[in-house]
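The block underneath contains the structure these notes are about, expressed in structure tokens.
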Amino acid sequence: QRQGLDQIVEWDSTKECVATFEIRHGATASMAHNDRALDLVFATAQEVVTSESYECNLVRATYAVDVIPKGYSKSEGSQWALKQISQRTARRAVWVFGDSPADASMVEGCIVAGFVPVTFYWLGEGDPPLITGAEVVRSPHKYDRGTQGALSGLVGHPH
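Just so we're aligned, residue 43 is where the sequence shown starts under this note's numbering, counting upward by one.
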């Protein structure tokens, strides 16, 4: 609740091995105000991690701050998930959706796990991250709407 952040930033309680603080859905503050709030969350998390000697990485995304234990990443998570899938089916092409540069590490996980080709759908603000070994597609829409549009184009409309 530091400096009124509870009105802008919320804890994502659905994450089990990552702590995520994100801009509240429907928050009406300006993008600049949200950025300042996340910068403050990042700085506060950095103070805590440093002072308590926690072994974790901090990732500042477009709309969130993730606190990730060392040894864990989206790359490793995607490798684990694909390993589970590959025990049941042949390796196939993979679609990865991301709105944060950190999401690009999932592409690396797919390639390491032997799932190729990989297409990365960029749904975030600004330019997509540079990714070796994958086709990068920029969605005309951002975030949820971009994911929905990309999936509709890939698998059709479920009617």
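For each residue, glycine too, the CB sits at the ideal point set by N, CA and C.
Residue i in three-state terms, based on DSSP
{"i": "Arg130", "result": "coil"}
{"i": "Thr161", "result": "strand"}
{"i": "Ala61", "result": "strand"}
{"i": "Asp187", "result": "The residue you asked about is not Asp; residue 187 is Arg in the sequence shown. Three-state DSSP puts Arg187 in a helix."}
{"i": "Pro111", "result": "strand"}
{"i": "Arg66", "result": "coil"}
{"i": "Glu150", "result": "helix"}
{"i": "Gly140", "result": "strand"}
{"i": "Glu52", "result": "strand"}
The ligand GDP heavy atom lying under 6 angstroms from the CB of residue i
{"i": "Ala61", "result": "This structure lacks the ligand GDP, and indeed carries no ligand of any kind."}
Per DSSP, the bridge partner or partners of residue i
{"i": "Phe84", "result": "Its beta-bridge partners do not exist; DSSP assigns none."}
{"i": "Arg102", "result": "Val107"}
Cβ-Cβ distance between residue i and residue j below 7 angstroms
{"i": "Ser117", "j": "Gly151", "result": "yes"}
{"i": "Ser142", "j": "Gly166", "result": "yes"}
{"i": "Ala87", "j": "Val109", "result": "yes"}
{"i": "Ala146", "j": "Ile173", "result": "yes"}
Within-7 angstroms CB hit, residue i to chain B
{"i": "Leu82", "result": "This model lacks chain B altogether; it includes just one protein chain."}
Nearest-angstrom beta carbon gap, residue j and residue i [assumed within contact, 8 angstroms]
{"i": "Val149", "j": "Ala176", "result": "5 angstroms"}
Nonlocal neighbours in the same chain, by C-beta distance under 6 angstroms from residue i, ignoring five residues either side
{"i": "Trp137", "result": "Thr161"}
{"i": "Thr62", "result": "Asp54, Ala106 and Asp108"}
{"i": "Asn76", "result": "Ile65"}
Proximal residues to residue i (C-beta, below 8 angstroms), its chain only, five neighbours per side dropped
{"i": "Val91", "result": "Cys98, Leu100 and Val109"}
Nonlocal neighbours in the same chain, by C-beta distance under 7 angstroms from residue i, ignoring five residues either side
{"i": "Arg180", "result": "Trp164 and Pro170"}
{"i": "Thr189", "result": "Phe139 and Leu165"}
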